[in-house]
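Q:
Chains as they are written, first to last, in our numbering: chain U, 30 to 724; chain Z, 775 to 1032.
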């Protein structure tokens, strides 16, 4: 018994030893790689000093440049009341770097009534005259005289050119001067009129800022740090992961490694440790550089009072808490980077695959810094977002131990979950088992690229033509876009793919028979999907509120709600299900699948589909619908289930506006039987069905 | 370290490599099910150089990868140095040296570090590792560029380091997947000399090639593989006799029916 217990322990120790050997080899390679060093050490450390210094310098230079700029103001105050004319001239002459010249304003005197009334011919003539005069040197023309209708009141007219920086600066100086003069004159008259009874003085509060300077600074830094820290992790981790996994496959060293007496889990553990170490090195260096930069008073941030920036130092406790929040997130991000980059065949392909992951990490980090979402039990568990909130709160000095512990535990848990899938990433069966010749691979690449180009063309055509057509006829424009333009593009795209692959167009488009169960299952998913999307939009509205103007403008499709139900369903449910599914899931996805793995092909077509809807607020919900419809297309090898889902989802969404009973969340319960039906249909499918050879 | 099963007196010698009814099926998204190997039987002895001859896509690399435990067979069994590849792949890897068509060297490790790195994977440590690496550096004449990064070595130098890497744990079985592909004449010749030297050391060398002259010169026995099937196995004389052709090219063409 003792021996049997000892064996796994020995094996475990041996695996650990081998993982260490791999780790040392990987680290040695990475440390000799200048790009890895730059991404992992130099960039994260130098980022803050460079950013703050550069920002500070730019602001300083911009300020000093404008303040020192010589400007010329041409004035004519001959018709102004002498006291005011003198006061104005004196003040203008007191302005720094400002030259005052005289102006012949006879044009204005001749046209003052017409100009005051805004007559077009006079305004046009004024423009011509002013341009001519400004072209001779002055930055601004300032003309003063009596009001043409109320001669007791003075009237000033200023002409400047917005396209000229000096003119802008001169105009700002004159405006500032006039504002000060205006306020002084008003105050003088009020003081005379009101005496001690001036209510303006009673209600003038004495403002006292009680915020601790470090809290002010922390709040400003809390907006910035999550994004920068996550970027530092991504910058170092992504390069290391690509180099260790995709780079190894590209350099063909993986085959050599796989025939060594080293278990796959030791190889992956060693490589993951190297990636995580480099990323940790980057984030620790980044935070240390941050603290040093702030301590040296180099901090310069938009919206932060320079006095607050130069004042209190950020205590080390906040940095330590930030580190505690970011380390588990780093481990998780590195695990994700490893999982994704190990799927790539080349470094370049890895970069493409990592882009969505990078966005998926940076966007939550940015949102965490710029919103007031609280770090609670639920948000702490959201990957990356929870850690970003903790980072923000650590900077603000409001991070509590409970949420921090929960956030760290959740991120460690997510990391362990990812690590369970890691040994499979160097699955030799997947990597080496290929039966395609190089020519076939090239042919597939061509088909895939062509599909992408068609996809982009479709998105651009939809952008350009849809709005124009709808401005001519709302219903007709929608129908032409969905039932004519998109199907035509789908046909062109599918023809190209079919020609190269020697297949029929209907096969490429997926217009082949499928099990009725697949269509039924897809239809049953619609209420659940609509509920999830509704909840998502509510949640998104908290994070990324839609501007009031956008809400007021709507989608431009409000006219649809006035149609009868059958007409509405035909326009909103049936037509998009035909046009968009034929194009995105039929032609584009089918083409992309020739060369790309299912996940990548699904993501690309769904992103194109979402982009075609031209709304950042609807991007993610549309992307999700695109992903689900694409999954149905690939899973069933037919387009009908995807069409059914699209029609049912759109139909359900618009029907809920009219029928209260459909808003009941209980309808979402249909999702489960729907999924079961789909699962049963796919389980019964023959292993190598020839209905759709590619997708 | 090496615990290969030595043949007992009077009993038939244990083959260094033995494959029985090997079958490998791929699930390909484009073609559906692809049968890369079909009931392949193979046997090679110690001190024998066996050449797998076949065109591209015939199943040579798949066979070698199954024997090297990189891929698992769909059905059938294979043993290397008496160890079943499916049951104890790590032990099989300890007993064989594998060299792929690419040199498979890490460009940012030096020649010495490469040998030390792979030596540690085979459990060599301390003085044992140092002295084995010194031996290899000397016997493969790598000493002069031992501190040069592999990425900067010439093709011939890389090839030497690769071979030294493959034999550093003194395997009784060597599997070489198209070892001369992409090499110039001198490097190719050095590789051929190395393979020949293995025969005298009692090693079994199984190598794949589509270069007929190489097979003709080196192999004790040749196996002709086409579309996943081993069409014929024998010495060159036996294959000539079977096909009635003299030149290996004609022998090959006759066997594959080209």
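Note that the Cβ used here is the ideal one computed from N, Cα and C, for glycine as well.
(1) Closer than 7 angstroms, CB to CB, is residue 290 of chain U near chain Z or not?
(2) Determine the direct distance from the alpha carbon of residue 790 of chain Z to that of residue 777 of chain Z, and round the result to whole angstroms.
(3) Below 7 angstroms between beta carbons is the criterion; list the residues of the segment 56-72 of chain U that meet it against any residue of chain Z, in chain order.
(4) Residues of chain U with a CB under 7 angstroms from the CB of residue 895 of chain Z: which are they?
(5) Return the chain-ordered ranges of every alpha helix (DSSP H) run that is complete within the segment 625-661 of chain U and spans a minimum of 4 residues.
(6) For residue 127 of chain U, does the three-state DSSP call read helix, strand or coil?
(7) Could you tell me the boundaries of the alpha helix (DSSP H) in which residue 852 of chain Z lies?
(8) Please state whether DSSP places residue 913 of chain Z in a helix, a strand or coil.
(9) Give the secondary structure of residue 183 of chain U by DSSP, where H, G and I count as helix, E and B as strand, and everything else as coil.
(10) With a 10 Å radius around its C-beta and 16 neighbouring C-beta atoms as the bar for buried, classify residue 211 of chain U as buried or exposed.
(11) Cβ of residue 557 of chain U less than 7 angstroms from any chain Z Cβ?
(12) I need the DSSP call for residue 670 of chain U, collapsed to helix, strand or coil.
(13) So residue 439 of chain U and residue 414 of chain U are supposed to be a Cβ contact under 8 angstroms. How far apart are they, rounded?
(14) Starting from the Cα of residue 1001 of chain Z, find the closest Cα among Z:800, Z:794, Z:968 and Z:809 and give me that residue.
(15) Between which residues of its own chain and residue 1014 of chain Z is the CB-CB distance below 7 angstroms, once the five residues before and five after are set aside?
(16) How close, in whole Å, do the beta carbons of residue 301 of chain U and residue 363 of chain U come, if the pair is a contact with beta carbons under 8 angstroms?
(17) What whole-angstrom Cβ distance do residue 355 of chain U and residue 258 of chain U have, given they're in contact under 8 angstroms?
(18) Does the distance from the C-beta atom of residue 873 of chain Z to that of residue 928 of chain Z stay below 7 angstroms?
(19) Can you tell which of Z:971, Z:836, Z:882 and Z:903 has its C-alpha closest to the C-alpha of residue 932 of chain Z?
(20) When DSSP labels each residue in this structure, what does residue 825 of chain Z get in the three-state scheme?
(21) Can you name, in chain order, every residue of its own chain whose Cβ lies under 8 angstroms from the Cβ of residue 402 of chain U, other than the five neighbours on each side?
(22) What does residue 168 of chain U pair with, by DSSP beta-bridge criteria?
(23) Cα separation between residue 824 of chain Z and residue 979 of chain Z?
(24) Apart from the five residues on each side of it in sequence, which residues of its chain come closer than 7 angstroms, Cβ to Cβ, to residue 907 of chain Z?
(25) So is residue 1006 of chain Z in contact with chain U if we call contact Cβ pairs under 7 angstroms?
(26) Listed in chain order, which residues of the segment 260-287 of chain U have Cβ atoms closer than 9 angstroms to some Cβ of chain Z?
(27) Is the beta carbon of residue 659 of chain U closer than 7 angstroms to that of residue 511 of chain U?
(28) For the segment 843-859 of chain Z, which residues have a beta carbon sitting closer than 8 angstroms to at least one beta carbon of chain U?
(29) Going straight from the alpha carbon of residue 911 of chain Z to that of residue 918 of chain Z, what length do you get?
(30) Find out if the Cβ-Cβ distance for the pair residue 164 of chain U, residue 188 of chain U is shorter than 7 angstroms.
(31) Need the endpoints of the beta strand (DSSP E) that residue 872 of chain Z sits in, please.
(32) Go to residue 435 of chain U, then tell me how far its alpha helix (DSSP H) extends in each direction, as first and last residue.
(33) If you follow the beta strand (DSSP E) that residue 899 of chain Z is part of, which residue opens it and which one closes it?
(34) Just to confirm my understanding: we take residue 543 of chain U, look at its own chain, exclude 5 residues before and 5 after, and list those with CB closer than 6 angstroms. What are they?
(35) Excluding the five sequence neighbours on either side, which residues of its own chain have a C-beta within less than 6 angstroms of the C-beta of residue 464 of chain U, listed in chain order?
(36) Rounded to whole angstroms, what's the CA-CA distance from residue 433 of chain U to residue 641 of chain U? Just pull it up for me.
A: On the basis of the supplied data:
(1) Yes, its Cβ sits closer than 7 angstroms to a Cβ of chain Z.
(2) Its pLDDT being 40, under 50, residue 777 of chain Z is placed unreliably in this model, and the coordinates cannot settle the point.
(3) Residues passing the 7 angstroms Cβ filter: 57, 58, 61 and 62.
(4) The contacting residues are 47, 50, 289, 290 and 291.
(5) Within the segment 625-661 of chain U, the alpha helix (DSSP H) runs of at least 4 residues that lie entirely inside it are, in chain order, 627-641.
(6) Residue 127 of chain U falls in the strand class under three-state DSSP.
(7) Taken as a continuous stretch (DSSP letters only), residue 852 of chain Z belongs to no alpha helix (DSSP H), being part of the beta strand (DSSP E) at 849-854.
(8) In the structure shown, residue 913 of chain Z sits in a helix (DSSP, three-state: H, G or I).
(9) In this structure, residue 183 of chain U counts as strand in the three-state DSSP scheme.
(10) Residue 211 of chain U is exposed by the Cβ-count criterion.
(11) Cβ-Cβ to chain Z under 7 angstroms: no for residue 557 of chain U.
(12) Residue state for residue 670 of chain U is assigned as helix, using DSSP reduced to three classes.
(13) Contact between residue 439 of chain U and residue 414 of chain U fails: their C-beta atoms lie close to 11 angstroms from each other, not under 8 angstroms.
(14) Comparing alpha-carbon positions, the option among Z:800, Z:794, Z:968 and Z:809 lying closest to residue 1001 of chain Z turns out to be Z:809.
(15) Here the set comprises 1020 and 1025.
(16) Indeed, because the Cβ distance is near 7 angstroms, the residues count as touching under 8 angstroms.
(17) With 8 angstroms as the limit, residue 355 of chain U and residue 258 of chain U qualify as a contact, their Cβ atoms being about 5 angstroms apart.
(18) No.
(19) Residue 932 of chain Z has its Cα closest to that of Z:882, out of Z:971, Z:836, Z:882 and Z:903.
(20) Of the three classes helix, strand and coil, the one that applies to residue 825 of chain Z here is strand, per DSSP.
(21) For residue 402 of chain U, same chain residues with a beta-carbon under 8 angstroms away, outside a window of 5 residues either side, are 396, 408, 418, 571 and 572 in chain order.
(22) Beta-bridge pairing links residue 168 of chain U to no other residue.
(23) So the alpha carbons of these two residues sit roughly 6 angstroms apart.
(24) 886, 889, 890 and 893, listed in sequence order.
(25) Answer no: the Cβ-Cβ gap between residue 1006 of chain Z and chain U never drops below 7 angstroms.
(26) For the segment 260-287 of chain U, which is checked against every Cβ of chain Z, the residues closer than 9 angstroms are 277, 280, 281, 282, 283, 284, 285, 286 and 287.
(27) No, these two residues do not count as a Cβ contact at 7 angstroms.
(28) So the list reads 843, 844, 845 and 846, given in the order they occur along the chain.
(29) A straight line joining the alpha-carbon of residue 911 of chain Z with that of residue 918 of chain Z spans about 9 angstroms.
(30) Not in contact: residue 164 of chain U and residue 188 of chain U (Cβ atoms no closer than 7 angstroms).
(31) 870-873 is the span of the beta strand (DSSP E), which, as asked, contains residue 872 of chain Z.
(32) Residue 435 of chain U -> alpha helix (DSSP H) spans 430-450.
(33) Here residue 899 of chain Z belongs to no beta strand (DSSP E), and DSSP marks it neither H nor E.
(34) Closer than 6 angstroms at the Cβ level, and outside the excluded window around residue 543 of chain U, lie 665, 667 and 669.
(35) Low confidence applies here, because residue 464 of chain U scores a pLDDT of 46, under 50, leaving its location unreliable; read the following figure in that light. Non-local C-beta neighbours of residue 464 of chain U in its own chain, meaning closer than 6 angstroms and more than five positions away in sequence, are absent.
(36) For residue 433 of chain U and residue 641 of chain U, the distance between alpha carbons rounds to 40 angstroms.
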